[in-house]
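With the sequence shown counted from 1, adding 914 to any position gets you my numbering.
Below is one structure, written out as C-alpha cells, with a few remarks after it.
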Amino acid sequence: MGFRKDFWWGAATSSYQIEGAAYEDGKGLNIWDVFCQEEGRVYGGHTGDIACDHYHRYGEDVELMKRLGLKAYRFSIDWSRVLPDGTGKVNEKGIRFYSELIDALLEGGIEPFITLYHWELPYELYKKGGWLNEEIVDWFGEYARLVSERFSDRVKYFFTLNEPQCFIGLGYLDGIHAPGVKAPVRDTFQMAHNVLKAHGMAVKNLKEYAKQEIHVGYAPTGSMSFPDSDKPEDIEAARKHFLSFPEAFDRWAGNVRWWSDPVLFGEYPEEGLKKYQKYLPRISKEDMKLISQPIDFYGQNIYSGNRVRMGEDGEPEGVKHYDGFPKTALDWPVTPECLCWGPKFLYERYQKPIYITENGLSCHDVISVDGQVHDPNRIDFLTRYLRELRKCAEQGADIRGYFHWSLMDNFEWQSGYAERFGLIFVDYGTQKRVIKDSGYWYKNLILENGKNL
C-alpha cells in the first residue's frame, strides 16, 4: 500500500527564521525583531535581521526546491510585513514579495501552503496587549481577510496558527521566546482563549473572501505518546496518557486536547475545565461556535514522544530511556514510533485528514573537505520516522502530506544559528547554499513516493 498517490511531499520554513530584510520596504517591527535586540535573550546575540536573506534570494531558493523535487512548500507570511501596524494600512511592497514568491512556486510546479501565523506578532499590536487583548480576534480576522483577498486566487491551502502551545507556553509562561514574558497563569488562559477565537475568525474570513474553493487547517504541536509494546493494555495506556492532562500548571500549554478539542468538537475537555477552573476566563457559547468553524484538515508538528506502559495500578506510566539512548544535536530523544502512534491517536479522535506539518532534527552539519555536506544521521532519522508514518497510513489513518523541517538551515529562535535542521546547508557569512546528502536522499524518496524506505 504505502503512501497515497497524491501524497504531498514538502518542506517547511517560517518568515522570521529565513527572510531577513527586517527593516526594509516598509515592514513593521514584530515581537521577534524587538526580542532579539535585547542582550542575553538569544544564543550568541544572534538576530533574524538577515537570516537566510530569503527576501532577496527567494528565486534561488525556489530553484533549489525544484532540484529537491518538492511537491509542496509550507511557508509563513510575516503579519508585520503586510500590515506594519497589525491593522489598517497595507504595505504593498510586502504583498508584492509574497505574490512573486507564490508565482515562482507555481511556475516551478510546487504547491504553496501558507501559514498565517508562525509567531510574527506585530509589535504595535503587542503594545496594545497582543494576545491578552480580546480585540486581537478582529485584528487577526482583518489580516486573514487581506491574505485571502490577495493570494487565494492562486493558493488553495492555508494553516491559521503554528504551535500555539509554543508561542503561548514559551513566549508567556517560560519567557524564553518572544516577547519574553512570564505572565500570570490566568493571563495565559485568557490568551489561549483569544488565540482559539482568532483561529476561528481566520477560518471564517479566509473562506468568506476566497477567490476559489480553498482548504483551511491548523498546525498545533505537542509531545506524542506511544506504547512500550503491542499489548492492548500498553496501547490503551499510551492513548490515555496522550489524551489526558498530566502537565503541571506552569506547563499546561503543552497539552494536546486543550488546543484541539475546542477547534474540532466545539467544547473544552471536561477534565481540563475541572483541573484549570480557577484560571479560566469567561467562555460563552458564541465563543465556542466561533472557535469551532469547520476546518478541512489537521496539521501536527511531531518531533519526539514518550514511551508509555500500563502500570501495576492500572494507570499509564512512563518508561525510562535506556543508557546511551539516541538523541539529536539539540538533545531531543530519537523516538520514531511517535510518527505512527501520534497521528494514529489524533486521527482516531478527530477524524480529519492529517498533515505532518513539521518533523526533522538538528545535526552538527559542516561542509566537508570535498565541498559536500554529509549527514547520514539525518537520513537514518528520516528513514526510521517515515517508515513509522507509512505504517500509520497503512493502518488506516488518512495521512495527506509530510513537510520536513526545514527546507534550509535557519534562525532557530532562542538558539540563534547554533542548530541546523535543513535539507540545505546555509553558510550565513556568504549566504552560499549547499544541498546536503539528505536533500538528495529526500529527492529520491519523493520520486519513489516512499516505496524505497
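The beta-carbon is built from N, C-alpha and C at its ideal position, and this holds for glycine as well.
Segment limits, alpha helix (DSSP H) that includes residue i
{"i": "L1030", "result": "No alpha helix (DSSP H) holds L1030; the beta strand (DSSP E) holding it covers E1025 to Y1031."}
{"i": "Y1316", "result": "From DSSP, Y1316 is part of no alpha helix (DSSP H) but of the beta strand (DSSP E) over I1313 to W1319."}
{"i": "Y1086", "result": "Taken as a continuous stretch (DSSP letters only), Y1086 belongs to no alpha helix (DSSP H), as it is neither H nor E."}
{"i": "Y1261", "result": "C1252 to Y1264"}
{"i": "M979", "result": "H968 to L982"}
{"i": "S929", "result": "S929 to I932"}
{"i": "P1146", "result": "P1146 to L1157"}
Within 8 Å, strictly: CB atoms of residue i and residue j
{"i": "F889", "j": "I1016", "result": "Any question about residue 889 goes unanswered here, given that the chain covers just 915 to 1367."}
{"i": "K1266", "j": "I1313", "result": "no"}
{"i": "P1250", "j": "Y1299", "result": "yes"}
{"i": "K985", "j": "I1338", "result": "no"}
{"i": "G1219", "j": "Y1269", "result": "no"}
{"i": "D1341", "j": "V1287", "result": "no"}
{"i": "V1130", "j": "F1072", "result": "yes"}
{"i": "A1167", "j": "A1116", "result": "no"}
{"i": "R1171", "j": "L1157", "result": "yes"}
{"i": "G1310", "j": "G958", "result": "no"}
{"i": "Y1179", "j": "A926", "result": "With the sequence shown as reference, residue 1179 is identified as Phe, and Tyr is not the correct amino acid for it. Taking 8 Å as the Cβ cut-off, F1179 and A926 do not qualify as a contacting pair."}
{"i": "L1084", "j": "D1164", "result": "no"}
{"i": "S994", "j": "E1034", "result": "yes"}
{"i": "S1174", "j": "H1155", "result": "no"}
{"i": "L1060", "j": "V956", "result": "no"}
{"i": "K1111", "j": "L1204", "result": "yes"}
{"i": "Y1037", "j": "D947", "result": "yes"}
{"i": "G1186", "j": "F1211", "result": "no"}
{"i": "A1151", "j": "P1141", "result": "yes"}
{"i": "G1274", "j": "S1320", "result": "yes"}
{"i": "W1327", "j": "H1091", "result": "yes"}
{"i": "N1215", "j": "T1271", "result": "yes"}
{"i": "R981", "j": "F1027", "result": "no"}
Exposure of residue i, with buried meaning 16 or more beta-carbon neighbours within 10 Å
{"i": "N1366", "result": "exposed"}
{"i": "H960", "result": "buried"}
{"i": "P1290", "result": "exposed"}
{"i": "D1382", "result": "Residue coverage of the chain in this structure runs from 915 to 1367, which leaves residue 1382 outside it and unanswerable."}
{"i": "K1188", "result": "exposed"}
{"i": "V1177", "result": "buried"}
{"i": "H1032", "result": "buried"}
{"i": "D1067", "result": "exposed"}
{"i": "G934", "result": "buried"}
{"i": "K1003", "result": "exposed"}
{"i": "K1192", "result": "exposed"}
{"i": "M915", "result": "exposed"}
{"i": "S1143", "result": "exposed"}
{"i": "D1148", "result": "buried"}
{"i": "R1100", "result": "exposed"}
{"i": "T1029", "result": "buried"}
{"i": "R1196", "result": "exposed"}
{"i": "S1282", "result": "exposed"}
{"i": "Y937", "result": "exposed"}
{"i": "A1162", "result": "exposed"}
{"i": "K941", "result": "buried"}
{"i": "T1242", "result": "buried"}
{"i": "R918", "result": "exposed"}
{"i": "V1280", "result": "exposed"}
{"i": "N1108", "result": "buried"}
{"i": "S1198", "result": "exposed"}
{"i": "E1077", "result": "buried"}
N- and C-terminal bounds of the beta strand (DSSP E) containing residue i
{"i": "T1271", "result": "I1268 to E1272"}
{"i": "A1106", "result": "Looking at the DSSP string, A1106 is not in any beta strand (DSSP E); the run it does join, the alpha helix (DSSP H), is V1099 to E1122."}
{"i": "K1346", "result": "K1346 to I1349"}
{"i": "A1162", "result": "From DSSP, A1162 is part of no beta strand (DSSP E); its letter is neither H nor E."}
{"i": "G924", "result": "W922 to A926"}
Beta-ladder partner(s) of residue i, from DSSP
{"i": "S1013", "result": "Partner(s): none; S1013 has no beta bridge."}
{"i": "G1131", "result": "F1073"}
{"i": "F989", "result": "I1028"}
{"i": "N944", "result": "P1036"}
{"i": "P1141", "result": "V1222"}
{"i": "K1241", "result": "P1247"}
Check your understanding: Fully enclosed by the region 1037 to 1076, which beta strand (DSSP E) runs are 3 residues long or longer?
Key -> Counting only unbroken stretches of 3 or more residues, the beta strand (DSSP E) elements lying wholly within the region 1037 to 1076 are 1071 to 1076, in sequence order.
Exercise for review: Scan the region 1171 to 1233 and note each continuous beta strand (DSSP E) run of 3 residues or more that stays entirely inside, going in chain order.
Suggested key: 1212 to 1215, 1219 to 1224 and 1230 to 1232
Review point. Which parts of the region 1273 to 1343 are runs of the beta strand (DSSP E), unbroken and 3 residues or longer, counting only runs that do not cross its ends?
Key: 1313 to 1319 and 1338 to 1341
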